[in-house]
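Here my numbering is used: position 86 in the sequence shown is 1224, and no number is missing along the way. Notes follow once the structure below has been shown.
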Amino acid sequence: MTDIWIAVIQGIVEGLTEFLPVSSTGHLILSGHLLGFVGDKAETFEIVIQLGAILAVALLYWRRLLRLVGWEDPNHEKQSQKTLTLVHIFLAIIPAMLLGFLLHSFIKDYLFTPRTVLVGLVVGGLFMIFAERKHTLVKANTMDDLTYRQAFQIGLAQCLALWPGFSRSGATIAGGLLSGANLRTSADFSFLIAVPMMVAASTYDLMKNFDKLSTEDLSFFIVGFFVSFIVALLAVVSFLKLLEKVKLSSFAYYRFILAGVFWLYMVGVGLD
């Protein structure tokens, strides 16, 4: 298979799964092994296409992002004095950023394997089901209703996503439900905090892997970036509409099926 087709396939996988509660990292690791696309080049490529997915969310939430830094949206009518601030964002991202920085080498060296991903898929799915069943009293119907405490609780839940396969969006959406936010608010906040969180993580990884970039691979990286951007754009819009019809647990059951199918494949081919 040519590099361009690999770029397209992996770009689609990243775009489809980055903001869905199914673990993009887990899918990329599993699909990378199926395609035989592993190693330093694959790791650097995954960082680049992740930036494409981030750009998609930044485009969809540009008004909200600008309001966070003081821009007054003339089309926004405040219903109350409550509003989402940069403090909420900081409280939601700092726990995982600090823990991720401290455990970065350990995570990269020991947790980025198909077997650990399968464990993350299952455990993350169970956490999502638990959160959905425990979700009873709704205290936040919009992001502007979120308290600092709720933002921090979501940030603590995001730490679970440092385990590949657990899913950042799955952890934060479930954390939002457990904190008292409704499903749509949890999803919106999950996507919003993904921008600074993923930009920081991707920039850090890209700096560490900068020497592995090559001009010969420029077209390969560009294709993957734009495929990821376009697919992520469509995936986020579709997911938000889908949340009106399905439960979070539906994605958990998909994770269980994926883990089971890939485990059978690993047993069959002896994949480590």
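Don't be surprised by glycine CBs; every beta carbon is placed ideally from N, CA and C.
Roughly how many whole angstroms lie between the Cα atoms of Gly1208 and Thr1323? Counted from its first residue, the sequence shown places residue 1208 at position 70. Counted from its first residue, the sequence shown places residue 1323 at position 185. The alpha-carbon atoms of Gly1208 and Thr1323 are separated by roughly 21 Å.
Determine the direct distance from the alpha carbon of Leu1158 to that of Leu1381, and round the result to whole angstroms. Counting from 1 along the sequence shown, the entry for residue 1381 is found at position 243. Counting from 1 along the sequence shown, the entry for residue 1158 is found at position 20. When rounded, the separation of the alpha-carbon atoms in Leu1381 and Leu1158 is 11 Å.
Suppose the cutoff is 7 Å on Cβ atoms and the five residues either side in sequence are ignored; what does the same chain contact list for Tyr1286 look like? For the purposes of this step, residue 1286 is taken as residue 148 along the sequence shown, with counting starting at 1. The answer, listed in chain order, is Val1225, His1226 and Leu1229.
Select from Gly1153, Gly1263, His1171 and Gly1190 the residue whose C-alpha is nearest the C-alpha of Pro1252. The count along the sequence shown starts at 1 and reaches residue 1252 at position 114. Ranking Gly1153, Gly1263, His1171 and Gly1190 by CA distance to the CA of Pro1252 puts His1171 first.
Alpha carbon of Tyr1391 to alpha carbon of Glu1210, nearest angstrom: Numbered from its first residue, the sequence shown carries residue 1391 at position 253. Numbered from its first residue, the sequence shown carries residue 1210 at position 72. One C-alpha to the other measures close to 42 Å.
Going by C-alpha distance, which of Glu1184, Gly1149 and Thr1155 is nearest Asp1343? Position 205 of the sequence shown, counted from the start, is the residue given in the question as residue 1343. Relative to Asp1343, the option among Glu1184, Gly1149 and Thr1155 whose CA is nearest is Glu1184.
Which residue or residues does DSSP assign as beta-bridge partners of Ala1299? Counting from 1 along the sequence shown, the entry for residue 1299 is found at position 161. According to the DSSP secondary-structure assignment, Ala1299 is paired through a beta bridge with no residue.
Rounded to whole angstroms, what's the CA-CA distance from Ile1292 to Ile1311? Just pull it up for me. What you label residue 1292 is simply residue 154 of the sequence shown in a count that begins at 1. What you label residue 1311 is simply residue 173 of the sequence shown in a count that begins at 1. Spanning the two alpha carbons is a distance of roughly 8 Å.
Which residues in the same chain as Gly1084 place their Cβ atom closer than 7 Å to its Cβ, once the five residues preceding and following it in sequence are excluded? A query on residue 1084 cannot be resolved here, the shown segment of the chain reaching from 1139 to 1410 and no further.
Below 8 Å on the Cβ atoms is my guess for Leu1198 versus Ala1373; work out the distance and round it to an integer in Å. Counting from 1 along the sequence shown, the entry for residue 1198 is found at position 60. Counting from 1 along the sequence shown, the entry for residue 1373 is found at position 235. 11 Å between Cβ atoms; not a contact.
If we call anything under 8 Å between Cβ atoms a contact, is Val1186 one with Phe1389? Residue 1186 sits at position 48 when you count from the first residue of the sequence shown. Residue 1389 sits at position 251 when you count from the first residue of the sequence shown. In this structure, Phe1389 does not lie closer than 8 Å to Val1186 by Cβ.
Among Leu1206, Ile1231 and Pro1233, nearest to Lys1220 - alpha-carbon criterion: If you number the sequence shown from 1, residue 1220 lands on position 82. Residue Leu1206 is the option with its Cα nearest to Lys1220.
Nearest to Ala1309 by alpha carbon, out of Asp1178, Ile1192 and Ser1161? In the sequence shown, residue 1309 corresponds to position 171, counting from 1. When Asp1178, Ile1192 and Ser1161 are compared, the shortest CA-CA separation from Ala1309 is found for Ser1161.
Less than 8 Å between the CB atoms is what I'm expecting for Glu1156 and Ala1191, so what's the real figure, rounded? Locating residue 1156 in the sequence shown gives position 18, counting from the first residue. Locating residue 1191 in the sequence shown gives position 53, counting from the first residue. Here Glu1156 really is in contact with Ala1191; their C-beta atoms are around 4 Å apart, less than 8 Å.
Using CA atoms only, rank isn't needed, just tell me which of Ile1395, Arg1202, Ile1368 and Ser1387 is closest to Ile1150. Here residue 1150 corresponds to residue number 12 of the sequence shown, with the count starting at 1. Checked all of Ile1395, Arg1202, Ile1368 and Ser1387; the closest Cα to Ile1150 is Ile1368.
CB-CB length for Ala1194 against Ala1370, believed under 8 Å: Locating residue 1194 in the sequence shown gives position 56, where the first residue counts as 1. Locating residue 1370 in the sequence shown gives position 232, where the first residue counts as 1. Right, their Cβ atoms sit about 4 Å apart.
Closest by C-alpha distance to Phe1268, when choosing among Ala1339, Leu1378, Gly1314 and Leu1189: For this step, residue 1268 is matched to residue 130 along the sequence shown. Each of Ala1339, Leu1378, Gly1314 and Leu1189 was checked against the Cα of Phe1268, and the nearest Cα belongs to Gly1314.
Output the residue ranges of the alpha helix (DSSP H) runs that lie fully inside the segment 1160 to 1214 and measure 4 residues or longer, sorted by chain position. Listed in chain order, the complete alpha helix (DSSP H) runs (minimum 4 residues) inside the segment 1160 to 1214 are 1162 to 1173, 1178 to 1198 and 1200 to 1206.
Have a look at Phe1239 and Met1335 and give me their C-alpha separation to the nearest angstrom. Along the sequence shown, one-based indexing puts residue 1239 at 101. Along the sequence shown, one-based indexing puts residue 1335 at 197. Each residue's CA atom was taken as its position, placing Phe1239 and Met1335 some 12 Å apart.
Is the beta carbon of Leu1259 sitting closer than 8 Å to the one on Cys1297? Here residue 1259 is taken as the residue at index 121 of the sequence shown, counted from 1. Here residue 1297 is taken as the residue at index 159 of the sequence shown, counted from 1. The answer is no: Cβ separation not under 8 Å.
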